[in-house]
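Structure first, then comments.
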Amino acid sequence: MKIYTKTGDFGQTSLIGGTRVSKHDLRVECYGTTDELNAYIGLLRSYNLTKQGADELLEIQQLLFAIGALLAADPERSKMNLYDLTNDDILFLEKAIDRMEESLEPLKNFILPGGNAIVSHIHIARCICRRAERLIVQLGATSAVPENIVIYINRLSDYLFVLARAIAKDTGSPEIKWFPR
Amino acid sequence: MKIYTKTGDFGQTSLIGGTRVSKHDLRVECYGTTDELNAYIGLLRSYNLTKQGADELLEIQQLLFAIGALLAADPERSKMNLYDLTNDDILFLEKAIDRMEESLEPLKNFILPGGNAIVSHIHIARCICRRAERLIVQLGATSAVPENIVIYINRLSDYLFVLARAIAKDTGSPEIKWFPR
Amino acid sequence: MKIYTKTGDFGQTSLIGGTRVSKHDLRVECYGTTDELNAYIGLLRSYNLTKQGADELLEIQQLLFAIGALLAADPERSKMNLYDLTNDDILFLEKAIDRMEESLEPLKNFILPGGNAIVSHIHIARCICRRAERLIVQLGATSAVPENIVIYINRLSDYLFVLARAIAKDTGSPEIKWFPR
Ligand code: B12
Ligand code: B12
Ligand code: B12
Ligand SMILES: C[C@H]1O[C@@H](n2cnc3c(N)ncnc32)[C@H](O)[C@@H]1O
Ligand SMILES: C[C@H]1O[C@@H](n2cnc3c(N)ncnc32)[C@H](O)[C@@H]1O
Ligand SMILES: C[C@H]1O[C@@H](n2cnc3c(N)ncnc32)[C@H](O)[C@@H]1O
Ligand SMILES: [Mg+2]
Ligand SMILES: [Mg+2]
Ligand SMILES: [Mg+2]
Chain A
1 MKIYTKTGDF GQTSLIGGTR VSKHDLRVEC YGTTDELNAY IGLLRSYNLT
51 KQGADELLEI QQLLFAIGAL LAADPERSKM NLYDLTNDDI LFLEKAIDRM
101 EESLEPLKNF ILPGGNAIVS HIHIARCICR RAERLIVQLG ATSAVPENIV
151 IYINRLSDYL FVLARAIAKD TGSPEIKWFP R
Chain B
1 MKIYTKTGDF GQTSLIGGTR VSKHDLRVEC YGTTDELNAY IGLLRSYNLT
51 KQGADELLEI QQLLFAIGAL LAADPERSKM NLYDLTNDDI LFLEKAIDRM
101 EESLEPLKNF ILPGGNAIVS HIHIARCICR RAERLIVQLG ATSAVPENIV
151 IYINRLSDYL FVLARAIAKD TGSPEIKWFP R
Chain C
1 MKIYTKTGDF GQTSLIGGTR VSKHDLRVEC YGTTDELNAY IGLLRSYNLT
51 KQGADELLEI QQLLFAIGAL LAADPERSKM NLYDLTNDDI LFLEKAIDRM
101 EESLEPLKNF ILPGGNAIVS HIHIARCICR RAERLIVQLG ATSAVPENIV
151 IYINRLSDYL FVLARAIAKD TGSPEIKWFP R
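Protein chains in written order, with full-length UniProt numbering: chain A, 1 to 181; chain B, 1 to 181; chain C, 1 to 181.
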């Protein structure tokens with residue numbers, strides 16, 4: 001089977017469950033942006049983080065695919081038995097955040113994103129994560145979205161923020177604070 | 001003539017044909033996102049791919065400008081004679097895909113985007129390509145869009161997927177599959 | 001205080017002034033995209049530009065936070081005394097553009113984005129800047145947005161275009177023009 005099936009050449013595609021929708025359907029926008037986030041997490045993984053960091057990013061990528069599948073399923077027609085995010089999946093992120101924060105100074109100001117390439121890319125991933133969150137929240141306003149997805153994505157952006165700080169510290173990149181004029 | 005003409009300082013801009021529209025017009029959104037995709041293809045070109053890969057990316061960039069011009073033309077008022085994408089332009093991508101797939105294992109699973117920097121960036125470009133596609137499909141629902149544009153952009157994301165796999169293979173970066181839980 | 005407050009777990013958040021809005025509110029979309037742009041400027045800063053370039057990017061990041069605060073303030077309920085962009089802030093960009101253009105050939109054609117990594121990333125930042133501009137213009141259509149924000153962001157994308165050209169020249173990366181077919 002060729003990778004290009006040409007079935008999407010006229011602007012429509014199929015959800016899990018078979019429903020044909022426009023590629024501009026908000027649901028497609030949501031799993032498409034989750035894919036973009038996943039690609040960015042892949043980029044972070046390509047930097048040589050610690051073993052622990054690399055394992056966490058792999059786990060996150062796996063779950064982003066689980067989220068993608070949930071978002072791609074038509075809530076009214078899919079009969080697939082898909083993996084639902086658990087409270088443990090969310091705790092996984094929270095524990096990682098708590099662990100990293102232990103060695104970081106508490107913040108009272110925003111910090112300018114950047115410093116070096118890896119720290120910068122983590123901040124960009126954080127922003128794409130938040131873009132995905134905004135879309136998924138919008139979808140949830142008119143269609144069924146499993147509640148844990150938004151919580152997971154919300155926590156993921158905090159994980160990425162703290163990861164950026166932790167890697168900045170490890171790589172000796174100073175934090176520059178924002179002071180309002 | 002200065003680069004900053006200030007004509008867009010109050011939120012409006014001109015299509016080809018002279019029509020003034022809001023910068024938030026869906027048409028502007030479409031060629032603006034095509035520009036973002038083009039910038040990303042430019043980033044891929046900056047990695048040292050094979051001569052063939054580099055030539056293909058240049059050709060793609062040229063065509064993205066042709067697409068940008070088509071999208072920027074007011075279908076009701078532009079009298080410009082713009083280049084229309086041909087079937088050969090689409091075949092160009094399909095042949096490249098077929099050529100690369102010859103040396104790749106057939107897939108039965110999703111693969112986690114990432115591995116190394118170049119492979120990751122190709123996946124990100126793939127996702128931006130799909131974001132552009134979603135917008136152009138939306139534009140097509142209410143305004144005239146040459147049919148070959150969607151087909152070309154649809155094929156381009158498959159080209160990028162296969163390119164990511166091919167470069168992963170060339171650079172010895174293993175594919176990690178996604179297995180649903 | 002933990003970084004994850006969980007107050008946003010159900011899709012709502014607070015503007016400055018206390019108003020609860022959906023995370024998909026256009027205002028949140030606007031400062032979220034300004035944040036994405038800021039993260040990208042941070043990436044540019046991580047390349048070793050000249051001292052002058054680095055200082056300019058820092059100043060831009062500071063102002064993007066000022067813009068973020070203005071956009072995050074509910075025009076009807078915030079009582080915070082926030083920094084408003086001045087004409088001098090805009091002149092700062094124009095002078096930088098003029099200075100860089102002095103050593104560049106005038107253009108009569110589009111140039112293909114790309115060449116090397118830093119030039120490519122500047123073009124991507126330029127496109128994200130324009131994406132932010134489109135959203136802010138949309139917000140301005142239904143809600144109060146300080147006028148200088150759009151002007152600043154409009155000028156910033158021209159600054160980034162000229163910066164890309166200047167760095168391309170400094171790094172010996174040739175400009176490839178687009179010639180319509
Ligand atoms: C949702 C979806 C996506 C989403 C989200 C996936 C997720 N879970 O997060 C996103 C946007 C990421 C996506 C991306 C792509 N997808 Co897709 N996707 C789907 C869709 C609609 C459902 C898949 C799914 O998640 N099922 C739920 C899981 C739990 O159940 P499953 O069915 O057992 O899933 C398996 C297969 O569907 C999949 N699979 C099976 N054969 C193949 C072959 C290929 C080439 C790939 C990539 C996957 C794949 O692997 C899963 C393993 O368990 C299917 C079409 C459909 N209606 O089924 C297309 C489909 C699988 N996708 C397809 C393609 C081509 C792609 C892309 C290559 C497109 C592109 N150019 O970017 C990428 C590949 C991304 C990657 N990293 O590998 C094709 C595969 C065609 C083929 N040759 O077999 C399909 C069949 C659609 C089609 N008719 O064209 N996709
Ligand atoms: C659509 C459009 C775009 C689109 C898509 C273009 C595409 N084809 O994909 C995008 C979004 C990419 C774009 C980007 C930019 N654009 Co523009 N664009 C236009 C627009 C509306 C039509 C151009 C077009 O495609 N015409 C169709 C082609 C086939 O016909 P053409 O007219 O012969 O096209 C030629 C010229 O328009 C162009 N050109 C001529 N002089 C100059 C000068 C400069 C500085 C540039 C960049 C191009 C340029 O080169 C083409 C060569 O054939 C024009 C305004 C207008 N209404 O004409 C502005 C215009 C050409 N753009 C302009 C500018 C400033 C830019 C940007 C620098 C903005 C920015 N800060 O990012 C970038 C440059 C990108 C690059 N890589 O070079 C200015 C140029 C001002 C000047 N000093 O001469 C114009 C005139 C708008 C304006 N009044 O401000 N643009
Ligand atoms: C708007 C806003 C943003 C915007 C824009 C900010 C801008 N100016 O451009 C964006 C989207 C960038 C943003 C990002 C983040 N934000 Co914010 N943001 C806000 C919000 C709504 C207003 C802040 C503001 O600009 N005020 C205007 C300035 C002039 O006045 P100010 O109040 O004195 O601002 C100070 C503090 O608000 C801030 N600050 C104080 N304590 C802390 C603690 C932390 C951890 C941070 C990051 C900032 C911070 O530093 C400013 C220094 O003067 C507040 C909530 C609120 N309603 O106040 C949350 C808030 C400050 N943000 C918060 C968080 C967690 C973040 C992020 C880490 C989220 C993420 N995962 O990405 C990032 C951090 C980005 C960074 N680079 O540091 C939390 C902080 C919680 C805590 N532990 O103290 C708050 C309180 C919201 C909440 N209840 O969860 N944010
Ligand atoms: C830190 C601040 O960012 C805003 N906020 C919360 N979630 C998002 C999101 N997904 N995208 C953009 N901004 C968001 C809220 O206003 C919060 O207080
Ligand atoms: C692989 C799957 O991705 C979805 N799909 C098809 N086109 C796009 C796009 N432009 N953006 C996001 N998702 C898309 C379809 O559901 C397809 O089956
Ligand atoms: C260079 C051309 O780009 C278009 N233009 C102006 N502002 C934006 C923006 N924010 N995003 C995308 N396109 C824009 C106008 O059509 C202008 O003429
Ligand atoms: Mg949050
Ligand atoms: Mg497709
Ligand atoms: Mg402009």
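All residues carry an ideal CB built from backbone N, CA and C; glycine is no exception.
query	result
Any non-hydrogen atom of ligand 9 closer than 7 Å to residue 38 of chain B Cβ	no
Contact under 8 Å by Cβ, residue 16 of chain A with residue 73 of chain A	yes
Where residue 21 of chain C falls: helix, strand or coil (DSSP)	strand
Closer than 7 Å: residue 103 of chain C CB and nearest ligand 2 heavy atom	no
In chain order, each alpha helix (DSSP H) run of at least 4 residues that lies wholly inside the region 70-132 of chain B	87-101
Heavy atom of ligand 9 within 7 Å of residue 148 of chain C beta-carbon	no
Of the listed residues A:108, A:126, A:59 and A:9, nearest to residue 164 of chain A (C-alpha basis)	A:126
Contact set between residue 66 of chain A and chain B, taken where Cβ atoms lie within less than 8 Å	180 and 181
Extent of the continuous beta strand (DSSP E) to which residue 14 of chain B belongs	12-14
Counted within 10 angstroms of its Cβ, other Cβ atoms place residue 18 of chain A as buried (16 or more) or exposed	exposed
Neighbour-count burial assignment, residue 99 of chain C, 16 or more Cβ in a 10 Å radius	exposed
Candidates A:121, A:57, A:115 and A:80, of which the one nearest residue 176 of chain A by Cα	A:115
Nearest-angstrom Cβ-Cβ length linking residue 130 of chain A and residue 32 of chain C, presumed shorter than 8 Å	5 Å
Reduced DSSP category for residue 2 of chain B - H, G, I as helix; E, B as strand; rest coil	coil
Alpha-carbon to alpha-carbon, residue 77 of chain B and residue 121 of chain A	43 Å
Residue range of the alpha helix (DSSP H) that includes residue 48 of chain C	No alpha helix (DSSP H) holds residue 48 of chain C; DSSP gives it neither H nor E.
Selection from C:110, C:79 and C:93 that minimises the alpha carbon distance to residue 38 of chain B	C:110
Close beta carbons around residue 69 of chain C, own chain, < 6 Å, minus the five adjacent residues each side	82
Chain-ordered neighbours of residue 120 of chain B on chain A, where CB pairs are closer than 7 Å	39, 42, 43 and 46
Three-pair Cβ contact test at 8 Å for the region 4-13 of chain A versus the region 153-164 of chain B	yes
beta-carbon residue 152 of chain B near ligand 1 non-hydrogen atom, thresh 7 Å	no
beta-carbon residue 159 of chain B near ligand 5 non-hydrogen atom, thresh 7 Å	no
Alpha-carbon to alpha-carbon, residue 49 of chain C and residue 105 of chain C	21 Å
Chain B residues whose Cβ lies nearer than 7 Å to that of residue 11 of chain A	137, 140 and 150
Between the CA atoms of residue 89 of chain B and residue 150 of chain B - distance to the nearest angstrom	12 Å
Cβ of residue 91 of chain A within 8 Å of any chain C Cβ	no
Distance cut-off 7 Å: residue 32 of chain A Cβ against heavy atoms of ligand 5	yes
Sub-8 Å separation of residue 135 of chain A and residue 56 of chain A beta-carbons	no
Residue 86 of chain A versus residue 13 of chain C - alpha carbon distance	23 Å
Contacting residues, own chain, Cβ-Cβ under 8 Å from residue 58 of chain C (five flanking each side not counted)	45
Chain A contacts from the region 17-36 of chain C (Cβ-Cβ distance under 9 Å)	22, 23, 24, 25, 28, 29, 32, 33, 35 and 36
Residue 94 of chain B: contacting residues in chain A (beta-carbon distance under 8 Å)	4
Residue 126 of chain B Cβ short of 7 Å to ligand 4 heavy atom set	no
Cβ-based neighbour list, residue 137 of chain C, same chain, cut-off 7 Å, excluding 5 preceding and 5 following	150
Cβ neighbour criterion (16 or more within 10 Å) applied to residue 27 of chain A	buried
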